[in-house]
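**Q** Same order as they appear, the protein sequences are chains A and B. Going by the numbering used here, the residue at position 196 of the first sequence is 196; the numbering climbs one at a time, nothing skipped. Throughout, the numbering used here is defined as the position within the second sequence, counted from one, plus 1000. Ideal Cβ positions, reconstructed from N, Cα and C, are used throughout, including at glycine. Nothing here was measured: the structure is a model prediction, and the numbers come from that model.
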Amino acid sequence: MRKHKADKIIALLVIILMLASLVIVYAIGGRVAIANNAANGKNFSETYFFTHHIAIITASIVAMLIGYKISYKFLAKIAKKLFWFSVILCLMVTIFGRLNAPFVTCDLGACRAFWVPIVNAGFQPVELLKICAALYGAYLIRSRKKEGQLESKEFWVPYATIFAVTAVIIGGFHKDLGSTVVISMILASMALVGGVPAKRLFMAGGVLLAAVAVLILVAPHRLARITGWEGDGDSYHLNSSIITFGTGGLTGLGLGNSIQASGYLPESLTDSIFSIIGETWGFIGTTIIIIIFATLLARILRVSERTEDEEQSLFAVSVFAWIISHVIINVGGMLGIIPMKGITLPFLSYGGTGMLFAAFAVGIVIQISGWTKRKEINEDSSSRRGQRRSRYSNSSRRS
Amino acid sequence: MVLLFVSTLFFIQIVEHDKHVRDANAMRVKQYELLAKRGEVYFMDGAENVSPAIMNERTWTVFVDPNYIITYGGTNGVLKKEKVQEKLTEILGDSLTMGWDKVWADEKNMYVEIAKNVDYSTVSKIKEANLRGVGRKETSRRVYPNGMLGAQLLGFTNAEGVGSGVEGALNTRLSGKNGMLKTVTDVNEIPLSVGDENIEIAAQNGENIVLTIDENIQREAEKVIKKAVVNHKGGISAASALVMEPTTGKIWAMANYPTYDPGVYWKEKDPNVYVNRVTETPYEPASVCKPFTYAAAINEGKLNPDATYLNTGKTEVGDRIMNNAFGTATRNGVITFRKALDYSLNTGSIEVLRKMGDGTNITKSARVTLYNYLHDSFGFGQKTGVELYEATGNIISPNDPSGEGNAVRYANMTFGQGMNLTMLQVAAGFSSLINGGNYFTPTVIAGTYENGELKPVEQKAAIRKTISSSTSTEMRKMLREVRSENGGSGDLPGYNVGMKTGTAETINPKTGQYWSGKTNAGALGYGGSNEEGALPSYVIMIRLDGETLLWGSQDAVPVFTELSNYMLRYLRIEPKK
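#1: Can you confirm whether Y264(A), when its beta carbon is compared against all beta carbons of chain B, has any partner nearer than 8 Å?
#2: Return no unless some Cβ of chain A is closer than 8 Å to the Cβ of D1186(B).
#3: V331(A) touches chain B at which residues, Cβ-Cβ below 8 Å?
#4: Could you name each continuous alpha helix (DSSP H) segment of 4 residues or more that falls completely within the stretch 143 to 220 of chain A, going from the start of the chain to the end?
#5: Helix or strand or just coil, what does DSSP make of S396(A)?
#6: Enumerate in chain order the residues of its own chain whose CB-to-CB distance from Q124(A) is below 6 Å, with the five nearest sequence positions on each side excluded.
#7: Report the partner residues of A1255(B) according to the DSSP bridge assignment.
#8: Would G333(A) be called buried (16 or more neighbouring beta carbons within 10 Å of its own) or exposed?
#9: Step through the CB atoms of chain B and report whether any lies within less than 8 Å of the CB of G248(A).
#10: From S1469(B) to T1139(B), what distance separates their C-alpha atoms?
#11: What residues in the stretch 266 to 293 of chain A have a beta carbon less than 7 Å from any beta carbon of chain B?
#12: What residue does the alpha helix (DSSP H) around S1007(B) start on, and which one ends it?
#13: Under the three-state reduction of DSSP, which class applies to M1455(B): helix, strand or coil?
#14: Identify the contact partners of K1019(B) in chain A, using a Cβ-Cβ distance below 9 Å as the criterion.
#15: Can at least three beta-carbon pairs, one atom from the stretch 1542 to 1556 of chain B and one from the stretch 1510 to 1529 of chain B, be found at a separation below 8 Å?
#16: Can you tell me where the alpha helix (DSSP H) with G332(A) in it begins and where it stops?
#17: Quick test of your reading: T47(A) and G29(A), contact by CB under 8 Å. State the CB separation rounded to the nearest angstrom.
#18: The beta strand (DSSP E) spanning Q1031(B) covers which residue range?
#19: I'd like to know whether the C-beta atoms of T286(A) and S258(A) end up nearer to each other than 8 Å.
#20: Would you say L335(A) reaches chain B, if we count a Cβ-Cβ gap shorter than 8 Å as a contact?
#21: Which same chain residues end up closer than 6 Å to L208(A) when comparing Cβ atoms and leaving out the 5 residues on each side of it in sequence?
#22: Are the C-beta of N1076(B) and some C-beta of chain A separated by less than 8 Å?
#23: Just checking: is the beta-carbon of R1132(B) within a distance shorter than 8 Å of some beta-carbon in chain A?
#24: Counting only C-beta atoms, is V1273(B) closer than 8 Å to chain A at any point?
#25: Short of 6 Å in beta carbon distance, which residues of its chain neighbour P1258(B), apart from the five on each side in sequence? Order them along the chain.
#26: Find the nearest neighbour of I1199(B) within the set L1181(B), D1214(B), E1189(B), N1208(B), judged by alpha-carbon distance.
#27: Roughly how many angstroms separate the alpha carbons of W84(A) and G342(A), rounded to a whole number?
#28: Name, going along the chain, the residues of the stretch 1007 to 1036 of chain B whose beta-carbon falls closer than 8 Å to a beta-carbon of chain A.
#29: Measure the C-alpha to C-alpha separation of V181(A) and S1124(B) and round it to an integer number of angstroms.
#30: According to the neighbour-count rule (16 or more other Cβ atoms, all chains shown, within 10 Å of its Cβ), is H4(A) buried or exposed?
#31: Rounded to a whole number of angstroms, what is the C-alpha to C-alpha distance between A213(A) and K145(A)?
#32: Could one say the Cβ of L1181(B) lies closer than 8 Å to chain A's Cβ atoms, at least one of them?
#33: By the criterion of Cβ-Cβ separation under 9 Å, what are the contact partners of E1044(B) in chain A?
#34: What residues from chain A crowd round M1001(B), counting only those whose CB sits closer than 7 Å?
#35: Could you pull the start and end residues of the alpha helix (DSSP H) that T1059(B) belongs to?
#36: Compare the beta carbon distance of L971(B) and L1370(B) with 8 Å and say whether it is the shorter of the two.
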């Protein structure tokens, strides 16, 4: 496999999302700050969120570049260590949170982030855990498959361990059902594509359901979320979200005219940013965002399809699963199609760690796209219909 | 999945758009009343300065949301409720208007006012306590910087805008007009500048009204009537005084005693003290009205004041014998009408009425003539048009179908009985009697106070001629003689003071008959410069309601004298020997 041009469209789409996010945060950040100050006695300046968001996006673009440049082989080699390192970080958040350590931030009894004073921002180790689970999972499948051990305990014990550790620490201690589901999706999608027998997957599915039941018992606020969705009409967040979309109409209220961000819609900057996009840019805006995500996901999937290196292909699948589960859970939740989970919308939601690692992961996918079996499409070709096949010359394949 | 999302978005954003806009507005568009500032009221302090009479003070109403406190107290609900209760009791103390049991009685209730008119320092403590579910709302309270001064005149309004005095009668001008603010708000109900729903109509503040009432004269008038009541030790149930400028109709003082504190009017048990008796309580003023009978006859050319008649101490009218007042027997004999007025002989004024007819009988035409003067010209039994609440009073026409306007009644009316008049009606008529015959509508409004400056209202011209200038001059001369016989020695030397006393029989409302052991005492007069042809500067009217027998000359005259001498000094009138 010879290195060729990487898929710059993926980078472009991600950057478009980031810029849209920046514009929205610029428009509503001040209003959110005022509402937040009034409701919670905080003291945010009106430009606080915008200036932080610029820093986060800059850092994320740098992370994407690092992902693009870093050696995948190196990452694969340290994947296992990295995974356990991130598990320890996640555990430490919980432990220090219980000890009321000042450098851990807790919300509603769930401690999920370290407070990093130098950058004046929170660091959520679960986001690191997501990419590490993907890297380690891909490594496990590829290496065990090579030795024909996919059906033996040599494979499924460590693979199930990744899942179990995630479920206990993220689902149980962090009370973060959304991320638990995302990691489960990452692991399941890689297993499915990687050829793990269906029997095993069904078993895992059963365990997952049991785990969700246990998690609801551990943190009853989830039940309220689900019952709210089931329609006793009392879910304020969902109602506000629907009204936010609804008032946008076809073209939206225009930039800076969001009213819902003034405290009516919870989490306007983070989980609910898609609703604000609906209010600001209307149906046209939301549709464009959906199309961008669909295109981005399709391109990531195509990278996976065309990559010969199975481990890298699996990793691309995991990024696909990662992003699509975030999008489905977030957008579906905001539209009332599925229960709200409290999960971010990749590259759009305000929030540092999630965007940073998602950008890093996409950077790796772009790197992988430079090593596909077929040559990258020449995007400025004026007429490529019907000529697709001829464009991918066999000679570019590795002999 | 893309299809599902986009179609759901289409449904929410396009199909249901209008519904969501309605729902959103219901939640986010708030309508506020922009409260107009109630106008302030001022007294005059001398001829140019003003002095505050009713001011506004910022106060707060404190309320709690029992529903919030009980619900969101969670498992600690009981504790939280008790914490709020303890803290608020500590801060508000006696200001609490409601028992705590009642406050918490209805768990669904979201708004219970627990204290009103809370001052700034107290409400600041509540703010500092930072109790959730406890709110405060700015209101305004009327304060009376001079305490009880002018209480009945100034009055008060209750929450419904119903009240008494200036506060009640001028409520429309004082209250202004509330504005409206319709706006999209944020979740904390702070107005936002976005959206198409915003409407703002500014409030029109009420007018600051300056009264013609002079603070100093008012204070003195209240002082002298109070002194009269106190000195008489229970013999006087109520006293009132009126001071006005006869050449303009401006009222300088309207005093009533007993009185009350309008700042805490709700604490007063007897609502009768709210009444401004000068304008609202008609009575029979008695002999203070005799000059009107004389003036009518002189003006008609029917009476020469120096002519004489035989005073036998009594006279026959219809089937009645009418007597002079007790103690005037020494005046029996042939006497001039001038003297008859000096000694306040009832036979004299009845004789004057006869002269208005055929000279021997109280004819219909005599009665019609007197009625035309008293009712039409002097304004008895008619509202004066002052800007306050006032009673109409009652005077019976000779053409009254009941036949009550007969000779007996009219004989009584010549000395001020048999008709119900307000002090203001009599004093306003009297002003024209001594000012050259020009009737001015009495007024309490000097102007408005805008940006620290008095904007005076234009002086209104006299609305009618009551008597000729020469009749008026004659009346001043006669009244000055009356005064010299009745307390004139008490006047400061070098001034022209004229006056007529009155001792009125009063009707017992239970029996409809005159009381035998109770009379009212009154005095009505003018004062001013001794310069030839100078018009009087002030008119004073005193009314004392007796629990026993009061006498005009004995009880009302000293009150008149004290107030009159005060006026001569206060107005800095030059004496002239």
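**A** Let me lay it out:
#1: yes
#2: yes
#3: F1005
#4: 153 to 166, 177 to 194, 198 to 218
#5: Because S396(A) carries a pLDDT of 43, less than 50, the predicted location of this residue cannot be relied on, and the following value inherits that uncertainty. Three-state result, S396(A): helix.
#6: R112, A113, T353
#7: A1241(B)
#8: buried
#9: yes
#10: 55 Å
#11: G278, G282, F283, T286, T287, I290
#12: 1002 to 1010
#13: According to the sequence as given, residue 1455(B) is Lys; it is not Met. If DSSP states are grouped into helix, strand and coil, K1455(B) belongs with the strands.
#14: G246
#15: yes
#16: 310 to 335
#17: 7 Å
#18: 1029 to 1034
#19: no
#20: yes
#21: S184
#22: Low local confidence applies: a pLDDT of 48 at N1076(B) is under 50, so the model's placement there is unreliable, and no value is given.
#23: no
#24: no
#25: V1273
#26: L1181(B)
#27: 25 Å
#28: T1008, L1009, F1010, I1012, Q1013, I1014, E1016, H1017, K1019, H1020, V1021, D1023, A1024, M1027, R1028
#29: 50 Å
#30: exposed
#31: 32 Å
#32: no
#33: First, the amino acid is wrong: residue 1044(B) is Met here, not Glu. Chain A residues near M1044(B): none, gap ~49 Å exceeds 9 Å.
#34: I328
#35: Run containing T1059(B): none in the alpha helix (DSSP H); it sits in the beta strand (DSSP E), 1049 to 1064.
#36: Nothing about residue 971(B) can be reported from this structure: the residues present for chain B run from 1001 to 1577 only.
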